[in-house]
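In the working numbering, the protein residues as written are -15 to 267. As structure tokens, the structure follows; a few thoughts come after it.
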């Protein structure tokens, strides 16, 4: 079952999948005209999920946040429930100060984030599934706002649960961990053009050394490593799902030249571009 809410004037879109075999994300392979973020709820048994060509096991009784540029497929999508929404329906970036989820749930350092639910939380998600389903059958002037209110409730609830399960939030105050969250949000917005720690440190009103020390104190990977990993992830997405040339990808991701781009990829992956693409095509 797939139910949708659309606003013609704003292009806002909200979709709910329940027992639908069509639940999947095309990522860069076939970008949607309106990028969509997704919460997937698995109330049944564990199953495999492939995200950007890497296979993970999604436990039962858990929720997985996914973003619009990810390519994903599930082993048994018909056993899952998913809520999807675009920026026009609910902009997680604009509301980040409100719910504090963007640089944590969606663009956080820990990925993928499988958020486990206890019995009480499972009961709440089951109830919300029913409420969403009923509301999507209503047709009146309040429907959009009601769906947004329900979605916001889901986001806040999941953020609370995820923070309780995150070691960093257990060891350090929220104010400290918010530096990591804000860095993640900045990184997602700027990684295509900004590859140096000094840019992100400046945006956070810190020196590069201070920022690196803060991340070390909080037991997080170094900012330079996170920047590098994010760029490599995007390169692999382009190589997996598009036919763009090295020159085009280098330009898209802010490299000085195709040669610099190729050296960067070889240094950090051990493969050159041609080898990587050949290996993937064989798969």
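The beta-carbon is built from N, C-alpha and C at its ideal position, and this holds for glycine as well.
Cβ neighbours of residue -7 in the same chain (closer than 7 Å, five flanking residues each side left out): Taking the first residue of the chain shown as position 1, residue -7 is located at position 9. None.
In three-state DSSP terms, what is residue 124? Taking the chain shown and counting its residues from 1, the one referred to as residue 124 is at position 140. Three-state result, residue 124: coil.
Buried or exposed for residue 252, going by 16 or more other Cβ atoms inside 10 Å? Counted from its first residue, the chain shown places residue 252 at position 268. Result: exposed.
Is DSSP giving residue 258 helix, strand or coil here? Locating residue 258 in the chain shown gives position 274, counting from the first residue. Three-state result, residue 258: helix.
Run the CB neighbour count on residue 61, radius 10 Å, all protein chains shown included, and call it buried at 16 or more, exposed below. In the chain shown, counting from the first residue as 1, residue 61 sits at position 77. It counts as buried.
Reduced DSSP secondary structure (H/G/I, E/B, other) of residue 0: In the chain shown, residue 0 corresponds to position 16, counting from 1. Secondary structure of residue 0 (DSSP, three-state): strand.
If you pair each beta-carbon of the region 177 to 196 with each one of the region 91 to 99, do three or more pairs fall below 8 Å? No, the region 177 to 196 is not in contact with the region 91 to 99.
Backbone CA spacing between residue 255 and residue 249 [nearest angstrom]: By one-based count along the chain shown, residue 255 stands at place 271. By one-based count along the chain shown, residue 249 stands at place 265. Taking the CA atoms as reference points, residue 255 sits about 7 Å from residue 249.
Between residue 1 and residue 65, how many whole angstroms is the CB-CB distance? I'm expecting something under 8 Å. By 1-based counting over the chain shown, the position of residue 1 is 17. By 1-based counting over the chain shown, the position of residue 65 is 81. 7 Å between Cβ atoms; contact.
For residue 225 versus residue 55, is the C-beta spacing smaller than 8 Å? In the chain shown, residue 225 corresponds to position 241, counting from 1. In the chain shown, residue 55 corresponds to position 71, counting from 1. Closer than 8 Å, so yes.
DSSP has residue 32 in a bridge; who is on the other side? Translated into positions along the chain shown, residue 32 becomes position 48. In DSSP, residue 32 forms a bridge with 41.
When you compare only the Cα positions, how much space is there between residue -3 and residue 169? Here residue -3 refers to the residue found at position 13 of the chain shown. Here residue 169 refers to the residue found at position 185 of the chain shown. Straight-line Cα distance between these residues: approximately 23 Å.
Using the Cβ count rule (16 or more neighbours within 10 Å means buried), how would you classify residue 266? Stepping through the chain shown from its first residue, residue 266 is reached at position 282. Residue placement at residue 266 is poorly supported in this model, since its pLDDT is 48, which falls under 50; the coordinates are not used for a value here.
Distance, residue 41 Cα to residue 28 Cα: Residue 28 sits at position 44 when you count from the first residue of the chain shown. Residue 41 sits at position 57 when you count from the first residue of the chain shown. Distance between residue 28 and residue 41, taken at the CA atoms: about 13 Å.
Can you tell me where the beta strand (DSSP E) with residue 25 in it begins and where it stops? The count along the chain shown starts at 1 and reaches residue 25 at position 41. 20 to 26 is the span of the beta strand (DSSP E), which, as asked, contains residue 25.
Write down the C-beta distance between residue 218 and residue 237 rounded to the nearest angstrom, noting that I regard them as a contact closer than 8 Å. Numbered from 1 along the chain shown, position 234 holds the residue referred to as residue 218. Numbered from 1 along the chain shown, position 253 holds the residue referred to as residue 237. Contact flag correct, Cβ pair sits at about 6 Å.
Short Cβ contact (8 Å threshold) for residue 24 with residue 47: The count along the chain shown starts at 1 and reaches residue 24 at position 40. The count along the chain shown starts at 1 and reaches residue 47 at position 63. Pairing residue 24 with residue 47 gives a Cβ-Cβ distance under 8 Å.
Output the distance between the C-alpha atoms of residue -14 and residue 103, rounded to the nearest integer angstrom. Counted from its first residue, the chain shown places residue -14 at position 2. Counted from its first residue, the chain shown places residue 103 at position 119. Separation of residue -14 and residue 103 (C-alpha to C-alpha, rounded to the nearest whole angstrom) is 26 Å.
Per DSSP, what kind of secondary structure is residue -8 in: helix, strand or coil? For the purposes of this step, residue -8 is identified with residue 8 of the chain shown, where counting begins at 1. Three-state result, residue -8: coil.
Do residue 128 and residue -9 have their beta-carbon atoms positioned less than 8 Å apart in this structure? Here the question's residue -9 lines up with position 7 in the chain shown. Here the question's residue 128 lines up with position 144 in the chain shown. Taking 8 Å as the cut-off, the Cβ atoms of residue -9 and residue 128 count as close.
DSSP-derived helix/strand/coil call for residue 165: For this step, residue 165 is matched to residue 181 along the chain shown. Looking at residue 165 - three-state DSSP - the assignment turns out to be helix.
Please classify residue 202: does DSSP put it in a helix, a strand, or coil? Along the chain shown, one-based indexing puts residue 202 at 218. In this structure, residue 202 counts as coil in the three-state DSSP scheme.
Could you give the residue range of the beta strand (DSSP E) that holds residue 251? The sequence position of residue 251 within the chain shown is 267, counting from 1. Where residue 251 is concerned, there is no enclosing beta strand (DSSP E), although the alpha helix (DSSP H) it sits in stretches over 242 to 253.
Residues that DSSP places opposite residue 69 in a beta bridge: Here residue 69 is taken as the residue at index 85 of the chain shown, counted from 1. Paired residues: -2 and 21.
In the DSSP output, which residue or residues are listed as bridge partners for residue 50? As a first step, residue 50 is located in the chain shown; it is residue number 66 there, counting from the start. Beta-bridge pairing links residue 50 to 22.
To the nearest angstrom, how far is the alpha carbon of residue 39 from that of residue 31? Sequence index remark: in the chain shown, residue 39 carries index 55 (1-based). Sequence index remark: in the chain shown, residue 31 carries index 47 (1-based). Going by C-alpha positions, residue 39 is about 10 Å away from residue 31.
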